């Protein structure tokens with residue numbers, strides 16, 4: 003019996019982890035329930051509601067009404083507006099952003115100018131939505147500073163009404179597209195090794211050879227990937243356009259808003275869901291392309 | 011050869027200075043205009059600080075009540091979102107790392123999913139859920155939007171916490187605590203949380219920045235938050251809207267700069283504290 007006290011603790015010490023290992027998985031799984039339950043309600047369920055709801059009437063019967071409505075000529079026109087404004091602003095943003103990123107990449111990586119400007123870019127990339135729309139109204143709107151200064155000095159100005167057109171929305175979007183490009187493309191430029199340029203020169207290549215045969219092909223997947231990210235960024239944007247234009251719907255998110263907030267016609271739910279499904283499809287394709295390009299780009303980042 | 015090199019170098023410098031200067035003008039112009047707009051009366055061109063003074067005036071006959079309500083709601087939701095997001099995610103991530111490594115891919119996938127689903131799409135699916143919440147479970151108060159905001163910030167919170175947990179030896183820390191008789195609660199609250207403090211703080215800041223800037227959910231579900239009230243105020247009083255926008259932007263900038271500093275400090279401190287441990291090993 004005198005041995006027992008010394009045995010029991012050792013025994014229990016051994017047994018405790020074993021028992022908890024046996025019970026462990028189930029207890030641990032139980033511990034993740036809040037996370038999975040929460041994301042099921044607020045993330046998975048809404049997504050499913052969109053996908054399923056696009057094919058269901060309010061009474062829960064299968065219908066193609068929403069889809070047919072979404073395939074009407076007017077709605078397709080709105081989708082084309084969205085696609086065009088995203089494609090164009092992403093292209094301008096990508097080219098201008100790549101140029102700025104290149105200028106930054108030529109600076110030594112610790113330099114004050116580079117650090118300050120990169121930080122400034124990450125702040126500006128966050129500056130979107132309603133407040134950005136106000137800023138542009140204050141710049142080139144009817145009482146804008148640039149409008150005023152231009153009329154005072156050169157006697158004419160940009161048309162202030164431009165801001166409430168698709169073109170104007172595009173002009174404002176470029177303001178947040180460029181900094182996003184700088185942030186996502188700068189690492190790719192930093193990944194270019196100076197040895198590659200030296201090797202090209204040693205083999206008799208010129209600067210043009212380097213850019214067209216070496217750096218260009220290496221950067222291309224990153225550039226295209228960043229372009230797609232910018233595309234998705236403006237395709238999903240809503241607040242800026244909503245604050246600029248109040249009278250008409252010109253892009254898909256605005257059409258979703260009017261369908262969703264329409265309380266007279268409850269049948270609009272399926273339409274809103276069909277529009278959202280259309281957006282999911284576009285963004286999924288874009289993100290798939292982004293993933294493929296990302297794999298290609300990472301080949302040179304070892 | 012050296013001459014060519016030097017010429018190329020100075021060429022690159024000129025190019026860099028010109029591009030950065032032009033870009034700075036482009037990016038600063040709307041901000042300067044916004045400041046100008048907030049102090050200049052549109053019709054007469056008279057410059058005064060009335061819009062700014064109105065923000066701190068004790069009584070303005072209800073002109074800014076909507077804005078105050080929006081700001082209040084957004085601040086409350088920022089706190090709720092921070093607490094919920096970290097409260098749900100941190101224990102889950104800790105458990106997954108220690109006990110259920112097989113689930114780590116799926117948790118990561120779910121957390122990053124909101125990056126690929128536009129907010130406008132998500133809100134369409136959230137509308138019927140919020141219809142149930144406002145009629146059957148809670149009420150139509152704006153602050154319940156915080157539940158949906160947790161989803162919006164999930165990717166950012168996940169990334170900060172992931173980086174924080176990656177940088178500590180979670181297994182050793184928890185086994186040590188457990189073998190000294192500490193409960194799982196002690197592991198989480200007294201050991202893990204203090205060790206990933208900077209990751210938690212950065213998750214908080216990005217969450218606050220996202221919640222204060224959120225417009226889509228509130229607008230689509232017809233609630234009043236900071237951005238939707240700014241949207242409304244702008245229709246009647248553009249100067250106040252401009253002033254508040256600048257304040258908001260300043261606050262967000264401060265948050266992001268502080269975030270950058272905290273992350274930097276955390277990394278440096280970790281490098282210092284980890285060094286002796288490796289020597290002892």
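Protein chains in written order, with our numbering: chain A, 3 to 304; chain B, 11 to 291. C-beta atoms are modelled at their ideal positions from N, C-alpha and C, and glycine is treated no differently. This structure is a prediction, so every number in the text was calculated from the model and none was measured.
Since residue i meets chain A, which of its residues come closer than 8 Å, beta carbon to beta carbon?
{"i": "residue 22/B", "result": "108"}
{"i": "residue 244/B", "result": "132, 136 and 245"}
Give the DSSP-derived three-state secondary structure of residue i in the structure shown.
{"i": "residue 21/B", "result": "helix"}
{"i": "residue 50/B", "result": "strand"}
{"i": "residue 207/B", "result": "helix"}
{"i": "residue 64/A", "result": "strand"}
{"i": "residue 58/A", "result": "strand"}
{"i": "residue 296/A", "result": "helix"}
{"i": "residue 184/A", "result": "helix"}
{"i": "residue 127/B", "result": "coil"}
{"i": "residue 150/B", "result": "coil"}
{"i": "residue 145/A", "result": "coil"}
{"i": "residue 23/A", "result": "Its pLDDT being 49, under 50, residue 23/A is placed unreliably by the model, and nothing is read from it."}
{"i": "residue 135/B", "result": "helix"}
{"i": "residue 270/B", "result": "helix"}
{"i": "residue 67/B", "result": "coil"}
{"i": "residue 167/A", "result": "coil"}
{"i": "residue 156/A", "result": "coil"}
{"i": "residue 241/B", "result": "helix"}
{"i": "residue 211/A", "result": "helix"}
{"i": "residue 200/B", "result": "helix"}
{"i": "residue 189/A", "result": "helix"}
{"i": "residue 79/B", "result": "helix"}
{"i": "residue 3/A", "result": "Only weak support exists for where residue 3/A lies, its pLDDT of 37 falling under 50; the coordinates are left without a value."}
{"i": "residue 225/B", "result": "coil"}
{"i": "residue 110/B", "result": "coil"}
{"i": "residue 192/B", "result": "coil"}
{"i": "residue 162/A", "result": "helix"}
{"i": "residue 26/B", "result": "helix"}
{"i": "residue 150/A", "result": "helix"}
{"i": "residue 246/B", "result": "helix"}
If you follow the alpha helix (DSSP H) that residue i is in, where does it begin and where does it stop?
{"i": "residue 101/A", "result": "75-107"}
{"i": "residue 72/B", "result": "From DSSP, residue 72/B is part of no alpha helix (DSSP H); its letter is neither H nor E."}
{"i": "residue 132/A", "result": "131-142"}
{"i": "residue 201/A", "result": "196-204"}
{"i": "residue 174/B", "result": "156-176"}
{"i": "residue 35/A", "result": "35-41"}
{"i": "residue 235/B", "result": "Counting along the chain, residue 235/B falls outside any alpha helix (DSSP H), and DSSP gives it neither H nor E."}
{"i": "residue 189/B", "result": "180-189"}
{"i": "residue 125/A", "result": "114-128"}
{"i": "residue 117/B", "result": "114-122"}
Residues of chain A with CB closer than 7 Å to the CB of residue i, please, in chain order.
{"i": "residue 3/B", "result": "Coverage of chain B is limited to positions 11 through 291, which leaves residue 3/B absent and any answer about it impossible."}
{"i": "residue 186/B", "result": "Under the 7 Å cutoff, chain A gives no residues; its nearest Cβ is about 14 Å from residue 186/B."}
{"i": "residue 258/B", "result": "133"}
{"i": "residue 91/B", "result": "Chain A residues near residue 91/B: none, gap ~12 Å exceeds 7 Å."}
{"i": "residue 182/B", "result": "The contacting residues do not exist; residue 182/B stays about 15 Å from chain A at best."}
{"i": "residue 241/B", "result": "132 and 245"}
Taking Cβ-Cβ distances shorter than 8 Å, what residues in chain B pair up with residue i?
{"i": "residue 263/A", "result": "230 and 232"}
{"i": "residue 2/A", "result": "Here chain A comprises residues numbered 3 to 304, so residue 2/A is not present and cannot be evaluated."}
Since residue i sits in a beta bridge, which residues does DSSP pair it with?
{"i": "residue 57/B", "result": "50/B"}
Show which residues of chain B have a CB atom less than 9 Å away from the CB atom of residue i.
{"i": "residue 162/A", "result": "Correct list: empty, because the minimum Cβ distance to chain B is about 12 Å."}
{"i": "residue 177/A", "result": "36, 37 and 40"}
{"i": "residue 40/A", "result": "94, 98, 157, 160 and 161"}
{"i": "residue 36/A", "result": "97, 98, 101 and 102"}
{"i": "residue 219/A", "result": "Under the 9 Å cutoff, chain B gives no residues; its nearest Cβ is about 22 Å from residue 219/A."}
{"i": "residue 48/A", "result": "127, 131, 132, 133, 134, 135, 136, 137, 138, 139, 158 and 161"}
{"i": "residue 270/A", "result": "Neighbours of residue 270/A on chain B: none; closest Cβ ~11 Å, over 9 Å."}
{"i": "residue 258/A", "result": "130, 131, 133, 134 and 230"}
{"i": "residue 31/A", "result": "105, 109, 110 and 113"}
Taking Cβ-Cβ distances shorter than 7 Å, what residues in chain B pair up with residue i?
{"i": "residue 51/A", "result": "135 and 138"}
{"i": "residue 131/A", "result": "223, 225 and 237"}
Which residues in chain A have a C-beta closer than 9 Å to the C-beta of residue i? List them in chain order.
{"i": "residue 128/B", "result": "234, 237, 238, 239, 240, 255, 278, 281, 282 and 285"}
{"i": "residue 253/B", "result": "Here the premise fails: no neighbours, minimum Cβ distance about 10 Å."}
{"i": "residue 292/B", "result": "This structure leaves residue 292/B out entirely; chain B is present only between 11 and 291."}
Given the structure, does residue i come close to the ligand SAH, in the sense that its CB is under 7 Å from one of the ligand's heavy atoms?
{"i": "residue 204/B", "result": "The ligand SAH is absent from the structure shown, which contains no ligands of any kind."}
Whole runs of the alpha helix (DSSP H) within the segment 215-282 of chain A, excluding any shorter than 4 residues: Runs of the alpha helix (DSSP H) lying entirely within the segment 215-282 of chain A and spanning at least 4 residues, in chain order: 218-237, 241-246 and 254-262.
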